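Each residue of the sequence shown is one higher than the last, beginning at 5 in our numbering. From the three backbone atoms N, C-alpha and C, an ideal C-beta is built for every residue, glycine too. A quick note: this is a predicted structure, and the numbers were derived from the prediction, not measured. Read the structure below first, then the notes.
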Amino acid sequence: MKKPLCITILGLLPLFTSFTSQAQTPVIGTPPANNPNAQAGAAWYRGGNNNTVPLGNNIFGTLWNSPIYTFTANTPRSKLNGNLVGAQYLINGFGTIQGVNTSGYMLLGNDLGITPNNFYNQKGAFSMLHLNGNTNNPGFIQEQGYRTWMRTGITFTDNQDRAYIGYRANALDVSDFIVNWSDNSVGGVGAPDNMIFNFLS
């Protein structure tokens, strides 16, 4: 019984030892000294890099200032922004000068728009959570209607339209809860965009 078991374990060993790892950007700085792949630009430190602070012991991410992308089937599915202070991408013409700061915002969905497959590289989430679909015209992501107060909420972009649900801060402890949707100035071809409350059973 021992011999077949040993052969089975040896046969499975390559499955556990051979894998590929891709990072978003080359490692900047000095990786942990005990890491056997310290010189590898694709090192991913799943256990965390800081053993002095309890919250730093178990992280999924990076301590460097770069976005974190997740892929399935070699296709980008999400982008979590790093710090964008001084390097903010424009949204509907608004940027750093107007107070836009999308640091730490999360984009989920298709990498479409701008030019094919450049939305993740050139831009990112419009609000704290941004869901991007690809219905009908996947090459166009609606920005018109965006305002700089659209921060703590969810942005939806799909079918050449955009919507936002979330907060607008007016002053300290004075807030509005907003349900907003918008279209480009030209409007839709087939019919107007409607807001519908629909019950199904």
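*asked:* Just to confirm the assignment, what range does the beta strand (DSSP E) spanning P73 have?
replied: For this step, residue 73 is matched to residue 69 along the sequence shown. Sequence check: residue 73 is Tyr here, not Pro. From DSSP, the beta strand (DSSP E) with Y73 extends over 72-76.
*Who are the near neighbours of G170 in its chain, counting only those whose CB is closer than 8 angstroms to its CB and skipping five residues on each side?*
Stepping through the sequence shown from its first residue, residue 170 is reached at position 166. Correct list, in chain order: S131, M132, M154, R155, T156, G157, I158, F181, I182.
*Distance between beta carbons of S70 and G86, contact taken as under 8 angstroms*: Taking the sequence shown and counting its residues from 1, one reaches residue 86 at position 82. Taking the sequence shown and counting its residues from 1, one reaches residue 70 at position 66. Indeed they touch by this definition, with Cβ atoms about 5 angstroms apart.
_I'd like the list of long-range same chain contacts for R81, defined as Cβ closer than 6 angstroms, with 5 residues on each side in sequence excluded._
Position 77 of the sequence shown holds residue 81. The answer, listed in chain order, is T74.
*At what residue ranges does the stretch 77-142 contain a whole run of the beta strand (DSSP E), taking only runs of 3 or more?*
79-84, 110-113, 133-136
*asked:* Closest to R151 by C-alpha separation, out of I95, H134, L67, would be which residue?
replied: For the purposes of this step, residue 151 is taken as residue 147 along the sequence shown, with counting starting at 1. Nearest of I95, H134, L67 to R151, Cα basis: I95.
*What residue from T139, I145, G149 has the CA that sits closest to F98's CA?*
Against the sequence shown, residue 98 aligns to sequence position 94. Considering only alpha carbons, the answer is G149.
*Just reading off the beta strand (DSSP E) that G157 is part of, what are its end residues?*
Translated into the one-based positions of the sequence shown, residue 157 becomes position 153. Taken as a continuous stretch (DSSP letters only), the beta strand (DSSP E) holding G157 covers 157-162.
*Rounded to a whole number of angstroms, what is the C-alpha to C-alpha distance between N202 and W68?*
In the sequence shown, counting from the first residue as 1, residue 202 sits at position 198. In the sequence shown, counting from the first residue as 1, residue 68 sits at position 64. Cα to Cα, the separation comes out at about 45 angstroms.
*Hey, G139 and N174: beta-carbon distance below 8 angstroms or not?*
Numbered from its first residue, the sequence shown carries residue 139 at position 135. Numbered from its first residue, the sequence shown carries residue 174 at position 170. Note that residue 139 is Thr in the sequence shown here, rather than Gly. Contact: no.
_Alpha-carbon spacing of G128 relative to N198, whole angstroms_ = Taking the first residue of the sequence shown as position 1, residue 128 is located at position 124. Taking the first residue of the sequence shown as position 1, residue 198 is located at position 194. Between G128 and N198, the C-alpha separation is close to 26 angstroms.
*Alpha carbon to alpha carbon, what distance is there between K83 and F144?*
Taking the sequence shown and counting its residues from 1, the one referred to as residue 144 is at position 140. Taking the sequence shown and counting its residues from 1, the one referred to as residue 83 is at position 79. In this structure, the CA atom of F144 is about 18 angstroms from the CA atom of K83.
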